[in-house]
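Shown next, in structure tokens, is the structure this report addresses.
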Amino acid sequence: MVVILLLLFLLAPCASSLSFSFPTFTNYDINNLSLEGNASVDGEFLRLTKSAADQVRYQSVGRATYSQPFLLRDNATRKLADFTTNFTFAIDSLGNTTYADGLAFFLAPNGSALNTTIGGGGSLGLPVKHSGTNESTNLYPFVAVEFDIFYNVEAAIKDPRGDHVGIDVNSVKSRVTKAWNGSITQGRVNSASIRYDSGSKNLSITFTTYENGVWVERYLDYKVDLNEILQGWVIVGFSAATGHITALHKINSWSFNSTSLIDNTPVAPEPTPMLNPSQEMASILD
10 MVVILLLLFL LAPCASSLSF SFPTFTNYDI NNLSLEGNAS VDGEFLRLTK
60 SAADQVRYQS VGRATYSQPF LLRDNATRKL ADFTTNFTFA IDSLGNTTYA
110 DGLAFFLAPN GSALNTTIGG GGSLGLPVKH SGTNESTNLY PFVAVEFDIF
160 YNVEAAIKDP RGDHVGIDVN SVKSRVTKAW NGSITQGRVN SASIRYDSGS
210 KNLSITFTTY ENGVWVERYL DYKVDLNEIL QGWVIVGFSA ATGHITALHK
260 INSWSFNSTS LIDNTPVAPE PTPMLNPSQE MASILD
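Residues in the sequence shown are numbered from 10 upward in steps of one, following my numbering.
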């Protein structure tokens with residue numbers, strides 16, 4: 010059951026910090042999550058792609074976000090919030106030595122939605138479109154940390170060889186990467202801690218990997234001024250996808266904390282004009 014530690018007040022000016030914890034994912038927690046595509050809660054885990062034995066798991070894409078946004082930037086002062094998130098997860102190939110594609114933790118504008126048409130495969134459920142050129146286009150801005158388990162050679166993605174963790178900005182061609190062994194064939198549990206320091210503009214991730222079967226921690230960071238990427242209210246969550254090769258993607262636990270800003274503008278979705286209106290899922294807070 011989700012434990013709400015601090016409330017997001019809906020009146021302006023408002024205290025804008027957001028804090029929550031899902032030690033596990035019960036059916037009650039569906040009320041606190043926005044599930045899109047093939048994402049689901051089974052009473053214990055948050056599953057991002059199709060996982061039932063009787064489901065076709067190919068070309069599956071899903072996204073899950075917390076039901077309330079948080080104020081990342083005070084647009085009047087350009088002051089950014091700090092945030093920290095911790096989660097445990099598993100990607101399971103059910104013993105298969107070939108698997109795809111991976112999952113991502115992301116921040117995106119409030120009101121943005123999953124696009125299942127372009128989000129599959131190497132897009133990891135993120136809003137990027139690959140046109141066969143050296144660069145992809147994004148439907149709306151985002152920042153993500155990816156756990157990528159498939160080697161995509163196309164120029165718009167240009168993955169390093171092997172499973173890896175990467176930091177993405179408006180593209181799944183990662184700005185920085187580090188090799189990662191999540192013990193996918195055995196479906197073992199991993200953990201990650203992601204932190205953004207608004208003072209240093211540093212986005213960092215401490216994550217687990219397996220070396221000779223032993224659980225060890227690794228670190229990756231990248232300086233990114235979120236003032237230049239995202240503005241105002243944002244949503245946080247996870248996305249994942251499969252293509253012609255599959256794996257199961259699940260989140261076991263998740264917590265999140267952001268620092269408080271004061272904003273004098275009402276909570277409203279960021280405009281996403283490039284999305285088909287039928288695909289938009291705006292969450293408007295009066």
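Where a beta carbon is used, it is the ideal one built from N, C-alpha and C, also for glycine.
Nearest-angstrom beta carbon gap, residue j and residue i [assumed within contact, 8 Å]
i, j, result
"K182", "H173", "With a Cβ gap of about 12 Å, K182 and H173 do not count as contacting."
"L212", "R82", "That pair is no contact at about 15 Å."
"H253", "T58", "Actually they do not touch by this definition, with Cβ atoms about 14 Å apart."
"G129", "F159", "With a Cβ gap of about 12 Å, G129 and F159 do not count as contacting."
"L133", "A256", "Contact flag wrong, Cβ pair sits at about 12 Å."
"A113", "A153", "4 Å"
"I244", "P32", "The pair is not a contact, with the Cβ atoms about 21 Å apart (cut-off 8 Å)."
"S76", "S43", "6 Å"
"A73", "F247", "5 Å"
"V70", "T125", "5 Å"
"F115", "I260", "F115 to I260, Cβ: 13 Å. No contact."
"N179", "F151", "6 Å"
Counted within 10 angstroms of its Cβ, other Cβ atoms place residue i as buried (16 or more) or exposed
i, result
"R1", "Because the chain spans 10 through 295 in this model, residue 1 falls outside it and cannot be assessed."
"D157", "buried"
"G208", "exposed"
"H139", "buried"
"N161", "buried"
"F29", "buried"
"Q195", "exposed"
"R56", "buried"
"P286", "A caution first: P286 carries a pLDDT of 38, below 50, which makes its placement in the model unreliable, though a value can still be read off. Label assigned to P286: exposed."
"Y228", "exposed"
"D101", "buried"
"D168", "buried"
"A117", "buried"
"D51", "exposed"
"T106", "exposed"
"L19", "Note that L19 has pLDDT 42, beneath the 50 cutoff, so the model's placement of it is unreliable and the number below is only indicative. Label assigned to L19: exposed."
"N119", "buried"
"G222", "exposed"
"E155", "buried"
"Y37", "exposed"
Bridge partner(s) assigned by DSSP for residue i
i, result
"I176", "V154, V185"
"K232", "N211"
"E226", "T217"
"D296", "Residue 296 lies beyond the range of the chain shown here (10 to 295); nothing can be said about it."
"R56", "S49, K259"
"N161", "Answer is none; N161 lacks a bridge partner."
"N199", "F98"
Residue i - containing beta strand (DSSP E), residue span
i, result
"L103", "Looking at the DSSP string, L103 is not in any beta strand (DSSP E), and its letter there is neither H nor E."
"V243", "242-250"
"R170", "First-last for R170: undefined, no H or E at that position."
"G46", "42-46"
"S267", "257-267"
"V137", "137-139"
"N147", "145-147"
Alpha helix (DSSP H) runs contained entirely in the segment 70-129, provided each spans 4 or more residues
Counting only runs of 4 or more, we get nothing.
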